[in-house]
Amino acid sequence: MASLTIRKLDEAVKAYLRLRSASKGRSVEEEVRVILGELIRGHVHDQGQAEPAPALSAAQAAARPARPASTTGEVRITLIIGGGIAAYKALDLIRRLKERQIRVRCVLTGAATRFVTPLAAGALAGERAYTDLFDPESEFDAGHIRLARDCDLIVVAPATADLMAKMAQGHADDLASAILLAASRPILLAPAMNPMMWSNAATRRNAAQLARDGVAMVGPNAGEMAERGEAGVGRMAEPVEIADAAERFLRPPQPRPLSGKRVLITAGPTHEPIDPVRYIANRSSGKQGFAIAAAAQAAGADVTLISGPVELDEPHGVKVVHVESAREMLARVETALPADIAIFAAAVADWRVANEGGQKLKKTDAALPPLALVENPDILATISHLKERRPPLVIGFAAETEHLIDNAKAKLARKGCDWIVANDVSPATGVMGGDRNTVHLLARHGSRIDVDSWPVMTKEQVAVELIAHVAKNFPTG
Ligand code: C5P
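The sequence shown begins at 223 in the working numbering and counts up by one.
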């Protein structure tokens, strides 16, 4: 088959692939393979002719990074509950996984149903639990293959000595073992058994074989057994420990290049009061600034986001300060200093009403209200020109409707910042309030200005790319 040359792809496609692969921690080539795989699987599924791909060994499965089998970004676990007294803890494990926004599908072995009911597992998971390899309802479309493949990770908790022995030998005489044999995803076991069973030579051999096959394990821990007077190694790891281990598979820690750096971001519009009920505003949604805050936080930075009035959820892990007017925004920015990097994405109103009314202005037949405008402080220019406490990297935005690059170059010089992100906001682009953005990054190096034009991207992608540039260029010395 002809090999695909990434270099020959369209620039916009390459930029998309770079972002998507970086966010998943994969190479661009790997990402292309994943996308093609998803496409083909989706297509075959649509045709109703699903032909399962050849099964991978557990070692092969474990060797590949956990990757979303879903195209929606949702992460999914098939949880196999083995038949041991620790099965009751699997119910708590379902809750711990759901808390982490992980979709859980439960499979119970026959023995497990003696300890917990499929009804309880299904109710906690929010979807039916599976028990039977010969269930006509799910097996008409090879349900055990689907349960093995339509997930990102298979967790076995509790993994009994018997289930481990079956896995090590490749048995497939019930639904749980058939799924484990058909698995193409990583497998995580949480063994639980009596200490004598755990230390038995047969279990030692099986555990060693499973480790060689690439199966991961969490626990067992040392402690008291359910059986009175028994103690030793064999207690199942606690549900939180298992959920943590599963999450490390599903969401491996991302590189945090801005760890320890303080990033200050402004976002959204400002509201400039006319009287107690009216104000001057603009159409900024705040989406771009919020996306930058989220990307900086994901890169490990300590982020303070100073936002005008917006209707957006606060990004996780970001300190958000809500303000109304430009003057308030400047005051909160000054309080938030010092910072290593300041990014001014807010659409600050240029003017405010000089003679703001203390009472609601009355509509009279006599005359229009005597509104006088005065200029607002320029927050970006003020911070860029600070003698002390100027952040080492100051980035502004230039939203223009014409002569984009020339205007942005002039703005870079006038405001005294280091970089400007220039974007065309003429109404036809739909940028104001929309989800996509086409930007040019202008960077000042002494008297030289470099212009880097990016293809059209979502605002989240612009944010990730901008933060990647910051991380690459930030003077860390
Ligand atoms: O002058 P203009 O509004 O086009 O400049 C845009 C840049 O300046 C943006 O980075 C914006 O956040 C910032 N700005 C500011 N304070 C103002 C006006 C603009 O920080 N009063």
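We put the CB at the ideal spot given by N, CA and C, even for glycine. Quick caveat, the model's predicted, so the values are computed rather than measured.
CA-CA distance, residue i and residue j?
{"i": "V661", "j": "A620", "result": "10 Å"}
{"i": "E463", "j": "T651", "result": "49 Å"}
{"i": "G264", "j": "V326", "result": "Because G264 sits at a pLDDT of 48, beneath the cut-off of 50, its placement in the model cannot be relied upon, and the point is left open."}
{"i": "Q683", "j": "A518", "result": "12 Å"}
{"i": "A665", "j": "K631", "result": "9 Å"}
{"i": "A569", "j": "S506", "result": "6 Å"}
{"i": "A567", "j": "A489", "result": "5 Å"}
{"i": "R549", "j": "R322", "result": "40 Å"}
{"i": "P537", "j": "G508", "result": "12 Å"}
{"i": "R298", "j": "D372", "result": "8 Å"}
{"i": "L231", "j": "E253", "result": "14 Å"}
{"i": "L375", "j": "I302", "result": "11 Å"}
{"i": "L595", "j": "I496", "result": "10 Å"}
{"i": "K582", "j": "I257", "result": "58 Å"}
{"i": "A453", "j": "S421", "result": "13 Å"}
{"i": "A275", "j": "A564", "result": "Below a pLDDT of 50, predicted positions are generally treated as unreliable, and A275, at 33, falls in that range; the measurement from the model is reported next regardless. Taking the straight line from one Cα to the other gives about 50 Å."}
{"i": "V437", "j": "E533", "result": "45 Å"}
{"i": "P413", "j": "P677", "result": "50 Å"}
{"i": "F337", "j": "P477", "result": "42 Å"}
{"i": "M700", "j": "A309", "result": "What the structure shows of the chain is the stretch from 223 to 699, and residue 700 is not part of that stretch, so it cannot be assessed."}
{"i": "A277", "j": "F471", "result": "Only weak support exists for where A277 lies, its pLDDT of 34 falling under 50; the coordinates are left without a value."}
{"i": "T353", "j": "A347", "result": "14 Å"}
{"i": "V377", "j": "R434", "result": "18 Å"}
{"i": "M679", "j": "G259", "result": "24 Å"}
{"i": "P498", "j": "A588", "result": "22 Å"}
{"i": "I601", "j": "N577", "result": "22 Å"}
{"i": "P591", "j": "R500", "result": "12 Å"}
{"i": "L410", "j": "P479", "result": "29 Å"}
Does residue i come out as helix, strand or coil in the three-state DSSP assignment?
{"i": "R574", "result": "strand"}
{"i": "S648", "result": "coil"}
{"i": "L278", "result": "Since pLDDT at L278 reaches only 37, below the 50 mark, its modelled position is unreliable, and the value read off the structure follows with that caveat. Coil, per DSSP."}
{"i": "I401", "result": "helix"}
{"i": "L411", "result": "strand"}
{"i": "V678", "result": "coil"}
{"i": "V368", "result": "Correcting the residue type first, residue 368 is Arg in the shown sequence and not Val. Reduced to three states, the DSSP call for R368 is helix."}
{"i": "V692", "result": "helix"}
{"i": "G441", "result": "coil"}
{"i": "E273", "result": "Bear in mind that the predicted position of E273 carries a pLDDT of just 32, short of 50, making it unreliable; the figure below should be weighed with that in mind. Three-state DSSP puts E273 in coil, outside helix and strand."}
{"i": "I307", "result": "coil"}
{"i": "P591", "result": "coil"}
{"i": "R612", "result": "coil"}
Quick check: is any heavy atom of the ligand C5P less than 7 Å from the C-beta of residue i?
{"i": "G482", "result": "no"}
{"i": "N598", "result": "yes"}
{"i": "F619", "result": "yes"}
{"i": "F566", "result": "yes"}
{"i": "V692", "result": "no"}
{"i": "A572", "result": "Position check: residue 572 holds Asp in this sequence, whereas Ala was assumed. The answer is yes for D572."}
{"i": "A632", "result": "no"}
{"i": "I502", "result": "no"}
{"i": "A548", "result": "yes"}
{"i": "L626", "result": "no"}
{"i": "I601", "result": "yes"}
{"i": "T488", "result": "yes"}
{"i": "K637", "result": "yes"}
Closest to residue i by C-alpha separation, out of the options, would be which residue?
{"i": "D562", "options": "V545, D640, P599 and A489", "result": "D640"}
{"i": "A515", "options": "E494, L486, R612 and I307", "result": "L486"}
{"i": "D396", "options": "I367, P491 and M419", "result": "I367"}
{"i": "A370", "options": "E494, V329 and V256", "result": "V329"}
{"i": "Q510", "options": "A312, G656, G344 and M458", "result": "G656"}
{"i": "P560", "options": "D524, A594 and L534", "result": "D524"}
{"i": "R574", "options": "G392, T586 and E546", "result": "E546"}
{"i": "L403", "options": "A412, A414, L602 and Q391", "result": "Q391"}
{"i": "E460", "options": "D435, P591 and P442", "result": "P442"}
{"i": "E622", "options": "G638, W676, A644 and P592", "result": "A644"}
{"i": "M458", "options": "A383, F471 and P531", "result": "A383"}
{"i": "P531", "options": "A521, G539, A571 and G522", "result": "A571"}
{"i": "V647", "options": "H625, K633 and R611", "result": "H625"}
{"i": "V540", "options": "R554, A520, E533 and V555", "result": "A520"}
{"i": "S669", "options": "L663, A690, L634 and N659", "result": "L634"}
{"i": "T526", "options": "M386, R554, L602 and D435", "result": "R554"}
{"i": "K637", "options": "P649, I689 and S606", "result": "S606"}
{"i": "D628", "options": "A379, I617 and I642", "result": "I642"}
{"i": "N753", "options": "L385, E469 and G451", "result": "There is simply no residue 753 to check, as the chain begins at 223 and stops at 699 in what is shown."}
{"i": "P417", "options": "L411, A400 and G456", "result": "G456"}
{"i": "A381", "options": "T425, L341 and D674", "result": "T425"}
{"i": "V440", "options": "L432, E446 and M447", "result": "L432"}
{"i": "F512", "options": "R255, V235 and L688", "result": "L688"}
{"i": "E296", "options": "G305, G304 and L319", "result": "L319"}
If we define contact as Cβ-Cβ less than 8 Å, is residue i a contact residue for chain D?
{"i": "K585", "result": "Among the protein chains of the structure shown there is no chain D, as only one such chain exists."}
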